[in-house]
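Some notes on the structure that comes next.
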Amino acid sequence: MKLIHIIDTDQNMWIDVDVFFQQSEMELTQWRSQIREQYKRNKTKPHFTCAWCQSPVTLARRTDHMQINTSATFFFRHIPELENTPNFKCPVKHIKQLSEQEKTALKYQIAKETQLHKLLKENIYKSLQVDESFSDIHIEQVRKSIDLKQWRRPDVSSLYKKQLVVFEGQLSTTFLNVIIDRKIFYQDNNACLLWIFNHFEPTEKAKKQSMQDIYYNNNANAFVVNASTVAQSIQTKAFTLECHYLKPEIKNNQIINQWNTEFVEFQNLVQNEATKQIYFFDYEAEYRKLKQKLGLRHSYLQESKNQKDKLKVQKYIESLEQVDLETKVPSKTKSELLAEFTELWVKTHYLTDSQFNLQWFSIRKELELMGISTPKYLLHAPYKTVVNSILSAKFGYAVGNNINDMVSVAHNLMEHHPAYIKHFMLTLKVTGKPNLLNERDSSGKWKERYKKYTQQSEDAKIYNHDLNQFIEFLVPEFEGRLISWGEGSTPYSNAQFGGVSQK
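All residue numbers for the sequence shown refer to full-length UniProt numbering, where the first residue is 1 and numbers rise by one.
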């Protein structure tokens, strides 16, 4: 049976099958072998799984593909030897018998149960447990309606000063009817609903409709719970969230929106009794004030009885709500920014996080204008360790105050963040120091450890490419090759680095 809803378990993400099948016949044929090989090596960790039943899938090919004038047709299907067993069950087999509402509900439930979603639930639970203001804290406990005729099972629920507050995690696309269904249910049953992201970057990605459906309907406030907020909650014994909120302001006689971010304690949030909304900044109230200041009417329909005039005013009001898209260019060169960042990083130990971030955010904004993606909170794990390691490899001496020698830098990175060890070794190569570690490894322990690492199969290694653009900025000697490696059409690129293949 042809499957179209597939999960990439290595990335914990859905794949776009339309884009996937745009690859060449050679690439898709290679995928067939790679998928089967990974399944054969470890049946508990298949590369791709069916989103409906989480069972392994394989890449099949239409049987008449060898006929003349017939293009190759590939498709995903369950592993045949599993699908043909008597006990095999998958909802997709009966998909045609389900109503559209049942299909949507099932897709939503499947999308929720990724490893990232489970981690998000655990992080919310941990954060609530340390705050004495919360009680009756549960993960996926059934909460019934007042008349006991309906029920929901929120990700996490608890009582906050006798008020029921439920938390739903939002990681992938959440269907609008699901969002509205939960809003109505909890609102009608005197409960507050708060949607939680595990990551929120106020960029183009944040404009996805499924995300806007959540934060625009929560007074333009988006909340994040992650490892950093959990640590803060534990330290202060108060449930802490990362809040991203839009703040309107007048510029050039128009209202524009600017994103702001703050760590906020739950006790400082506004709980609107009428709407059951929970937010930090009252965007709607501020927006009304600015409209009044500009002399704009609240109801554009009163401007004229003429339909064309009404539409003109409507478009004008809508234009005021758009984020300022004014084209900006960097004020500094990449070399100037690199020198500025290096100087900042060297004195990191003597700065508070706030002092560092003040300067880093300024540099980061310039890098974004150049199209260079960077982490927002660079002092958080794993970024601080990775940056220290890459700069150490670049300069040939240990950067950072906790480690004094290069071999220890390598051991530390391998121990805690092995997904970046290849980036570290490549930095040594492209900066002309390929033998530095062996020369300084008097005990031979690093040589033995790295030998075991290189002898692993490629399937057993994990490479994380999220910092490739930033590492290229730190080490210009890569000249784009690191980015090409990360963007390779196959899992492990054959791109050459100084004559050394990354296979």
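Each residue gets a CB set at the ideal place from its N, CA and C atoms; glycine is no exception. Predicted model only: the values in this text are computed from it and were never measured.
- The C-beta distance from lysine 126 to isoleucine 139 rounds to 11 Å, too long to meet the 8 Å contact threshold.
- Ranked by Cα distance from leucine 358, the first of Leu344, Gly371, Leu369 and His349 is Leu344.
- Secondary-structure assignment with DSSP links glutamine 163 through a beta bridge to Tyr160.
- Around the beta carbon of valine 19, fewer than 16 other beta carbons sit within 10 angstroms, so the residue counts as exposed.
- The Cβ-Cβ distance between asparagine 218 and tyrosine 287 does not fall below 8 Å.
- Contact between the region 407 to 422 and the region 386 to 399 is established, with three or more Cβ pairs separated by less than 8 Å.
- Cα atoms of glutamate 27 and valine 17: separation of roughly 14 Å, rounded to the nearest angstrom.
- Taking a 10 Å sphere around the C-beta of leucine 391, we find 16 or more other C-beta atoms and assign the residue as buried.
- Check the Cα spacing between glutamine 30 and each of Phe74, Ala51 and Gln141: the tightest is with Phe74.
- DSSP places tyrosine 283 in the helix class (H, G or I) of the three-state scheme.
- With a cutoff of 8 Å on beta-carbon distance, proline 418 and isoleucine 471 are scored as not near each other.
- Cβ neighbours of lysine 144 within its own chain (closer than 6 Å, five residues either side excluded): Trp151.
- The DSSP-derived three-state label of proline 248 is strand.
- Spanning the alpha carbons of proline 330 and valine 230 requires a straight line of approximately 35 Å.
- Approximately 18 Å separates the beta-carbon atoms of glutamine 469 and serine 362; this is outside 8 Å, ruling out the contact.
- With contacts defined by Cβ atoms closer than 8 Å, tyrosine 397 and methionine 406 form a contacting pair.
- DSSP places alanine 227 in the helix class (H, G or I) of the three-state scheme.
- Judged by DSSP in its simplified three-state form, methionine 370 adopts coil rather than helix or strand.
- Assignment of alanine 60 by DSSP, reduced to helix, strand and coil, places it in the strand class.
- With a threshold of 16 other beta carbon atoms within 10 Å, glutamine 292 falls short and is exposed.
- Listed in chain order, the non-local C-beta contacts of lysine 2 below 6 Å within the same chain comprise Phe75, local neighbours out to five positions each way being set aside.
- Taking a 10 Å sphere around the C-beta of tyrosine 350, we find fewer than 16 other C-beta atoms and assign the residue as exposed.
- Residue pairing from DSSP places serine 135 in a beta bridge opposite Leu159.
- At a Cβ-Cβ threshold of 8 Å, isoleucine 196 and glutamine 170 count as neighbours.
- Across the structure, serine 484 and glutamine 187 are spaced so that their CA atoms are roughly 50 Å apart.
- Phenylalanine 48 carries a strand assignment under DSSP once its states are collapsed to helix, strand and coil.
- In the DSSP secondary-structure assignment, glutamine 170 is bridged to Phe197.
- Rounded to the nearest whole angstrom, the C-alpha separation of glutamate 477 and asparagine 464 is 20 Å.
- The C-beta distance from phenylalanine 263 to leucine 128 rounds to 16 Å, too long to meet the 8 Å contact threshold.
- Less than 8 Å divides the Cβ of phenylalanine 134 from the Cβ of leucine 159.
- Leucine 246 sits close to tyrosine 283, with the two beta carbons spaced by under 8 Å.
- In the structure shown, the three-state DSSP call for valine 386 is helix.
- Where isoleucine 471 is concerned, there is no enclosing beta strand (DSSP E), although the alpha helix (DSSP H) around it starts and stops at 468 to 474.
- Distance from the CA atom of alanine 220 to the CA atom of isoleucine 7, rounded to whole angstroms, is 31 Å.
- Arginine 153 sits exposed, since fewer than 16 C-beta atoms from the chains shown fall within 10 Å of its C-beta.
- In the DSSP assignment, glutamate 242 forms a beta bridge with Val224 and Phe263.
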